[in-house]
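Protein chains in written order, with the working numbering: chain A, 1 to 210; chain B, 1001 to 1210.
Next up, the structure:
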């Protein structure tokens, strides 16, 4: 087992739990929100800001165009007037790169598939689920009224999609960006983990043959 | 094994070969273009018309609105002025339904996942692939100039997407429509078949538990 696993996931699909279980089965480190704390330590930017802006993109492209504040200036260095969101993204970008250098691991969300797209041993999973299952899962875990859960899910996924589509040149949730997309409601959390273990095995054997 | 397998696929991804091999491994019938001949026999519409219009949608919605030629009249019967494309779609729709009634099988393309969406034991796969692999595969199989192959692939997939998006209420190639999406270039044709066999096993066990 030599692969770095990234997991993109719909809100309520169980992607985090699947990733955690997969990392335990493979006995490799797991990063989800843990990544935010690391990015804060490495960048010196206050940890709370990472949590508050996690996987959402509130500064519009228009705003950054008007302000002339692109992520990088022409010499490739961080622009002093860069909006906060871009600074947070770049800090996470660096952290993900550093984590991947240390060997096999599971990273959930935060455009990790895009950040590591030139890395050789990366496997990109996408976990989705039927709305009914997502609603059930979120209601069990969040203190939210039943008639508001659907909107909550849609809004959270919209944020994730905006964040991903803005920083990558790809479209969140489109099958062609990922190695394998799994609907977790059809095979369950443990079924998804079993399938991913099989996939990693098949994939590494295929790479050896090439 | 009790599942009906549908395979949607990018052009050049090897979806047909994967489906054929899967059907042989599972010892169940396989339908790809075979479906067109059956639809022709059942509907009485000339077979050549099915081949010429296969998975493409040239009559625009605007056209059918202007002509007042919707797929079905208010009593649910085929409208005598229905455009040819709609007649062909409905004939294939009926054929797919009949095939599914006969038990486990593999059906490639032709919106079979949409046609069978209310069927209990259906598993919907989507096969995609990297452009480089698709080009290589198409060049080996079609008499086409090297500098035209990319456009040929894009155009064929655009036709498939238009056909699917028009007749279903879903978007072709979006992970959330399928149970499992596999990038065949990452694990090879045989790897994809192996994974699908594992998936079917995991899925049927999960259904038994529910």
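Backbone N, C-alpha and C fix where the C-beta goes; we use that ideal spot for every residue, glycine too.
- For residue 1110 of chain B, the three-state secondary structure derived from DSSP is coil.
- Here residue 1 of chain A is exposed. Its C-beta has fewer than 16 other C-beta atoms within 10 Å.
- Residue contact with chain A for residue 1140 of chain B: absent (no Cβ-Cβ distance below 8 Å to any residue of chain A).
- Close CB contacts of residue 112 of chain A within its chain, under the 7 Å cut and outside five residues either way in sequence, are with 6 and 96 (chain order).
- Per the DSSP secondary-structure output, residue 122 of chain A pairs in a beta bridge with A:4.
- By the criterion of a C-beta distance shorter than 7 Å, residue 1187 of chain B is surrounded in its chain by 1195, once the five residues flanking it on both sides are discounted.
- In the DSSP assignment, residue 1027 of chain B falls outside any alpha helix (DSSP H), carrying neither H nor E.
- Straight-line spacing of the CA atoms in residue 1161 of chain B and residue 1120 of chain B works out to 25 Å.
- Judged by DSSP secondary structure, residue 1180 of chain B falls within the beta strand (DSSP E) whose first and last residues are 1180–1183.
- The beta carbon of residue 1126 of chain B sits closer than 8 Å to some beta carbon of chain A.
- Excluding five sequence positions before and after residue 1189 of chain B, the CB atoms of its chain that fall closer than 8 Å to its own CB belong to 1014, 1017, 1018 and 1021, given in chain order.
- One thing to note: residue 1042 of chain B has its Cβ no nearer than 8 Å to the Cβ of residue 1100 of chain B.
- Counting C-beta atoms within 10 angstroms of its own C-beta, residue 103 of chain A has fewer than 16 neighbours from the protein chains shown and is therefore classed as exposed.
- Taking a C-beta cut-off of 7 Å against chain A, none of the residues of the stretch 1038–1058 of chain B qualify.
- With a threshold of 16 other beta carbon atoms within 10 Å, residue 9 of chain A meets it and is buried.
- Identification of chain A residues near residue 1188 of chain B by a Cβ-Cβ cut-off of 8 Å yields 206 and 209, ordered along the chain.
- At a beta-carbon threshold of 8 Å, the residues of chain B lying near residue 203 of chain A are 1186, 1187 and 1191, ordered along the chain.
- Taking C-alpha positions only, residue 144 of chain A is separated from residue 1127 of chain B by approximately 37 Å.
- Looking from the CA of residue 114 of chain A, the closest CA among A:45, A:170 and A:55 belongs to A:170.
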